[in-house]
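> Can you read through this structure? Questions will come right after.
Numbering (the working numbering), first residue to last: 480 to 670.
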């Protein structure tokens, strides 16, 4: 045990400076987070604190703090949009809380302004599946899922998926000829 204690002490001694730096960065992040919490004061006061922190980080020579300032600058436009009005979102983070669940990866792939095809085509069932953990906090067991084993997607969702397949074929240079031949065959057989 003494040897193990000695190894742990030597290991901690090697990273003392790094831990001090990390502690300071965690404190900086906590200070920024405090300016985003609507319970911590009015929107104007929190915005002033946010800008003060941003300016302080920008003036610092530490590269991590300068990075914090750059990130804060890029997010600042939408952070304090709602003001303190009742029923209005406090900031863009509150808006994101609703949108984040169904389309987190779509935003990362397509950019912030694009909802993504998946949310449009699979939205009727996707939202229910992604929010299921709110009503059922424990991990799902087989017995919990058995009633849904024969569930089908709604007709509108199946049709949207079918339209997507057709449009993907139509955009493909390799499959376009096959699609046109199939559509022509259907047209001739219907008329």
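Backbone N, C-alpha and C define an ideal beta-carbon position, used for all residues, glycine too.
Out of curiosity, what's the CA-to-CA distance linking residue 518 and residue 628?
Whole-angstrom Cα-Cα distance: 44 Å.
> Between the region 544 to 552 and the region 519 to 536, are three or more C-beta pairs nearer than 8 Å?
yes
> Is DSSP giving residue 559 helix, strand or coil here?
coil
> By Cβ distance below 6 Å, which residues in the same chain neighbour residue 632 in space, the five residues on each side in sequence not counted?
604
> Within a Cβ cutoff of 8 Å, which residues of the same chain sit near residue 656, ignoring the five residues on either side of it in sequence?
Within the same chain, no residue comes within 8 Å of residue 656 by CB-CB distance, once the 5 residues on both sides are set aside.
> Quick check on residue 697: does DSSP put it in helix, strand or coil?
Since the first residue shown for the chain is 480 and the last is 670, residue 697 is missing from the structure and cannot be characterised.
> Under a three-way DSSP split, which group does residue 668 fall into?
helix
> Helix, strand or coil for residue 492, going by three-state DSSP, please let me know.
helix
> Hey, quick one: how far does the alpha helix (DSSP H) through residue 531 stretch, first residue to last?
522 to 538
> Tell me whether residue 619 is buried or exposed, calling it buried when 16 or more other Cβ atoms sit within 10 Å of its Cβ.
exposed
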